[in-house]
Each structure stands twice: as C-alpha cells, then as structure tokens.
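Read in order, the letters of the sequence shown correspond to residues 1 to 486 in the working numbering. Beta carbons: idealized from backbone N, C-alpha and C, even for Gly. Input: a single structure, listed below in structure tokens.
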Amino acid sequence: MSLKKIGITILALIAIFVLYTIAFTEKGIKPIQPEAIVPNLDYSSLSEEAAKDLQAYIRIATIRGREKEGALFLKSILDKRGIPSRIIEYPGKPDRASLLAELKGKDSTKEGLILTNHIDVVEADAKDWDVPPFSGVRKGDRIHGRGAVDVKGLGIMQLYAFLLIHEKKVPLERNLMFLAIADEESRSEHGARFLVDKHKEIFNGYEYVWNEGGTGSKDIAIKGSKVFNIQLAEKGAVWLDLKAKSIPGHGSTPPVSYAAKSMVDFLQDVQNIGNKTMIKDETAAFFYSLGGISNFPDSFVLKRSRNPLLFLILKGVINSNRHLRAMTRNTVSLTGIDSHPIGMNVITSETTGSLDIRILPGQDEKKIFEEVKALGEKYGVEVSARHLESGSISPMDGLLFRVLAGTVTTVEPGSIATPFLSPGTTDSSYLRQIGLKCYGLIPALLSSEEIDGIHGKNESMSVPQLKMGIEILFKSIIEYNHQVAK
C-alpha cells in the first residue's frame with residue numbers, strides 16, 4: 001500500500017472517530033413537567049410554624065435510641081389534625097419505635113407513595129459546636145442542632161406536606177403514608193429491617209418511596225449551579241475483620257515476616273480492588289446532566305463520559321475528587337488497625353484490623369469477600385465477614401423520579417435535576433429488597449458547609465429551606481397523583 005493510501009486511510013479513521021465522538025452522547029433523564037392544579041398557599045407562614053416544630057423535635061435527643069419520644073412528638077402533631085397514627089415498637093425494646101400514618105386514596109391496592117425519614121440521629125460533641133447541639137436554637141432564620149438536616153428537617157417537611165394534603169382535602173388517587181423509622185444510623189435492625197421482616201403487610205399496595213439519600217446543592221458541582229441530586233441507587237457494604245498472628249520477637253532483630261508487617265503488606269495490596277473506574281448508566285446520566293450547565297469544552301466531555309477517548313480526560317477529574325471516585329469505584333477504607341503494642345522494642349504476636357469496602361450496584365458482595373479472603377491467605381491474614389450487603393438501585397424512568405425531577409426545577413427556576421448514586425446506605429436498601437422503588441432527596445438547596453454539618457459540627461437548616469422543601473413535597477405529591485390518574 002502506498003504512503004498516500006495509508007495517509008488517506010488514517011485520515012478517514014480519524015474522521016470517523018471524530019464524527020462518532022461528536023454524534024455519540026449519553027442519555028439524560030426525562031422529567032415530567034408539572035401539569036396538576038395546585039392550591040395557592042402561604043408557604044412562608046407554614047415554614048415558620050414548621051420551624052417551631054423542628055426546634056422542638058431537635059430537643060428530643062434521639063441519639064441512636066429514644067425514638068419513641070420522637071414518635072410520640074410526631075404523633076401529637078398528627079393527633080391535633082385528627083389524623084390517626086400507629087406506633088410500632090421493637091419487641092423487648094419499646095423505646096426503639098417507629099410511627100406510621102396513612103391517607104387513603106381511591107385505589108388502595110397499587111402505586112401508593114411512602115414519605116419516609118428516620119427519627120434517630122448520631123452523636124454530637126458539644127465542645128465542637130457553636131451552640132449546644134440539642135438545644136434547637138434559632139438564630140435569625142437558621143435553626144441549629146443535630147438532625148436539622150439528617151434528617152429531622154426532612155421529616156418535618158414531609159409531615160407538613162402530609163398534613164396539607166389532609167387539610168386541603170386534596171383528592172388522592174393512591175394511598176399516601178408518612179413513616180418515621182427508628183434506628184437508621186445503626187444498620188436499621190430495630191427499624192426498616194424489622195418492619196420489612198415482621199410487618200411487611202404495611203407496605204401492601206405501595207410502590208414508591210421518598211426517602212433521604214440525595215440533597216439539593218448550590219455552588220458545589222459548578223460555580224453558580226443549583227443541582228437537585230435525586231438518589232436512585234446506593235452502594236453495598238462489605239465489612240471485614242482482619243487478624244494476623246505470628247511469633248513475637250525483639251524489635252532489634254526483626255524476622256522476615258511478622259504479624260504487623262504481614263498486615264501492612266496485605267493492606268497495601270487490597271487497595272487495588274478499588275482502582276477500576278466504572279461508569280454505569282445512572283452515573284453517565286449524572287455527568288450528562290452536569291454537562292447541561294457547563295461551558296464548552298467541559299459540557300462536551302461530560303455528555304460523552306463513556307466515550308473511550310474522552311473518558312481518559314474525565315478520569316483525571318474523577319481521580320481528583322473523592323466524591324466522584326466513590327460514585328464510580330468499589331472503594332476500600334482501612335477503618336482500624338491495632339498491633340496491641342506492649343513496648344517500643346517488642347514485636348507483638350498479633351495484629352488486628354477492619355476494612356470498609358463499598359461496592360457499586362451489580363457487584364457481587366460474596367465474590368468480593370472471597371477475593372479479599374484469598375488475598376489474605378497470601379499474606380497470612382485471616383479475613384472474616386462482619387456484614388455483607390449488595391448495592392441497590394431503582395429505575396431512572398420511575399414515575400416518582402420523573403415527577404421529582406420536573407417539580408424541583410419548576411419550583412426553583414434555573415436548577416437542574418440529576419440521578420445520584422449514594423456512596424453510603426440508607427433504609428432504602430432494605431425497602432428495595434421487597435420491590436419498592438425508592439428515591440432520596442432532601443428538597444432544599446444546601447451549601448457545602450451545610451452538607452458538611454451532616455454527622456459533623458454545627459448542623460443547621462434555614463427557614464427558607466424548610467419552605468422550599470414543604471412546597472416541593474406538596475406539589476410533587478399532587479403531581480404524582482395527577483400522573484397516576486392519567
């Protein structure tokens with residue numbers, strides 16, 4: 001073949017690749033633009049009333065317990081409106097209680113919608129906070145306290161939307177449930193897992209769940225952006241305990257192999273499990289959505305995240321951001337190591353440790369455990385499973401997802417909605433196991449500092465954020481029922 005023909009062939013191949021790159025784009029989401037007629041309400045007055053209830057709710061320190069006190073508080077609000085509710089206690093631990101209330105629709109047999117949140121919160125070290133974490137203090141338009149965002153704030157938003165449906169006599173096509181659950185922060189044994197196992201009948205006739213797991217954000221993904229990240233998937237967990245044993249010795253004459261060194265060598269190697277970047281459909285759609293508010297050339301790359309050439313560019317961005325890494329990889333975190341030291345110059349006989357491996361939906365948790373276990377044998381490290389859980393996912397074209405995506409962008413002009421894969425787990429992982437389609441969203445725009453307050457210090461939520469959340473929830477519920485009726 002002549003040089004001229006070779007050159008033409010190369011140019012043709014380049015042209016084909018360029019055309020393919022330009023033409024190939026990922027699929028975005030398909031929001032449903034609101035059509036339903038919604039009553040005009042004074043959301044500002046409603047949010048002021050809700051703020052007082054949030055303050056009172058925060059003052060009930062439900063730190064991995066005392067959920068019944070929180071459930072009784074929520075029940076008292078429902079009682080004042082004449083809405084029946086039910087408290088479900090965990091056997092033998094009556095303080096670990098969940099609360100359920102329902103509004104009946106025309107057809108109770110299918111497509112019901114559950115608004116769920118959890119009553120418990122995590123610990124808070126008062127010395128790190130500007131105000132006492134369980135005081136529910138209000139400063140200006142901001143309410144401070146543990147649980148303000150995660151997720152008593154969401155619980156109050158959902159409760160007020162639920163109350164509005166009742167008070168405004170909004171006709172429902174399908175059942176609507178308000179469900180405040182115990183024990184989410186400690187693997188849900190006394191909450192969602194218990195309800196799914198022992199009270200599965202309460203979910204009969206329900207199809208969709210609105211839970212936590214995603215948030216609205218401002219100025220985080222892109223400067224000036226307003227993004228509602230709607231969680232539709234979450235990673236699974238492979239929690240492992242590690243142990244290496246060997247003979248003890250003197251620090252001055254170390255053997256070739258001993259317990260602590262074997263453990264370190266193993267831990268260096270096991271991290272390779274998290275080296276592969278994987279962009280699945282939901283993550284590709286997430287990048288596509290961000291492409292819609294980005295400038296060229298970022299927009300071009302983001303809308304084509306799985307193009308082989310452009311992926312090499314995007315991969316560098318992913319690798320530099322811990323949140324994007326968590327969304328696109330199986331991650332491996334060393335969460336504990338202890339050589340049980342007894343003296344500076346003593347090589348001890350045993351080293352223990354723990355690993356928190358988070359796996360993408362579709363990955364086999366048992367297979368990954370066996371892979372790590374086999375690697376441990378190579379280094380003389382015993383690996384045992386403390387908890388194995390698969391990732392979970394709900395459809396991106398689910399009716400509730402599409403309604404949420406359309407409603408949030410209508411209530412907040414200039415915003416976008418994105419599908420979101422959560423690196424952490426919520427109660428949705430257990431609810432999906434019984435066939436429920438779960439989506440997570442705290443429907444308010446949060447700053448980076450406000451998101452950092454989740455499980456951190458100085459957690460807070462503003463009254464305008466409560467206002468936005470109540471409005472989005474109320475309008476979404478009405479639109480959902482309108483779409484069901486079509």
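Margin query: Bridge partners for proline 419 per DSSP, in chain order?
Written below: Ile230
Start-end ranges of the beta strand (DSSP E) lying completely within the segment 296 to 344, minimum 3 residues | 331 to 338
May I ask you to report which of helix, strand or coil DSSP gives glycine 291? helix
C-alpha gap between asparagine 319 and leucine 360, whole angstroms: 17 Å
Worksheet item: From glycine 249 to valine 346, what does the alpha carbon distance come to, in whole angstroms?
Response: 6 Å
**Prompt:** Looking at the unbroken beta strand (DSSP E) that takes in lysine 243, where does it start and where does it end?
**Reply:** 236 to 245
For this session: Measure the Cβ-Cβ separation of histidine 118 and glutamate 69 and say whether it is below 7 Å.
Result: no
Checklist entry - So leucine 54 and alanine 148 are in contact, right, with Cβ under 8 Å, and what is the actual spacing, rounded? => result 7 Å
Quick one: give me the first and last residue of the beta strand (DSSP E) that arginine 142 is part of.
142 to 144
For valine 491, does the three-state DSSP call read helix, strand or coil? Nothing in the structure corresponds to residue 491, since the chain is present only between 1 and 486.
**Prompt:** With a cut-off of 8 Å, do at least 3 Cβ pairs link the segment 442 to 459 to the segment 208 to 217?
**Reply:** yes
Going by DSSP in three states, threonine 351 sits in which element: helix, strand or coil? strand
Thinking C-alpha only, which one of Asp107, Glu412, Glu49, Asp130 is nearest asparagine 175?
Asp107
(message) Would threonine 62 and valine 121 be called neighbours here (beta carbons separated by less than 7 Å)?
(response) yes
Going by other Cβ atoms of all chains shown within 10 Å of its Cβ, with 16 needed for buried, is aspartate 397 buried or exposed?
-> exposed
**Report entry** Backbone CA spacing between leucine 179 and leucine 99 [nearest angstrom]
**Finding:** 6 Å
Per-residue burial, methionine 278 [other beta carbons within 10 Å of its own, 16 or more giving buried] = exposed
message: Tell me which residues share the same chain as glycine 274 and place their Cβ nearer than 6 Å to its Cβ, disregarding the 5 neighbours each side in the sequence.
response: Arg329, Asn330, Thr331, Val332
| message | Here's a check: name, in chain order, each residue in its chain whose Cβ is nearer than 7 Å to the Cβ of serine 476, leaving out the five neighbours to either side. | response | Val403, Leu404, Thr407
Which same chain residues, not among the five before or five after isoleucine 478, have their C-beta less than 7 Å away from its C-beta? Ala36, Val38, Val170
Quick check on the DSSP output: what are the complete beta strand (DSSP E) runs of length 3 or more inside the segment 72 to 140, in order along the chain? 85 to 90, 93 to 103, 112 to 118
Please state whether DSSP places threonine 426 in a helix, a strand or coil.
coil
Helix, strand or coil for aspartate 53, going by three-state DSSP, please let me know.
helix
Using the DSSP secondary-structure output, state which residues sit across from glutamate 282 in a beta bridge.
BP columns for glutamate 282 are empty, so no partner.
* Between the C-alpha atoms of lysine 373 and lysine 243, what's the straight-line distance to the nearest angstrom? -> 11 Å
- Item | Beta-carbon proximity list for valine 196, same chain, < 6 Å, skipping 5 on both sides | Tyr430, Ile434
Would you list, in sequence order, the uninterrupted alpha helix (DSSP H) runs of no fewer than 4 residues that lie entirely inside the segment 432 to 474? 448 to 452
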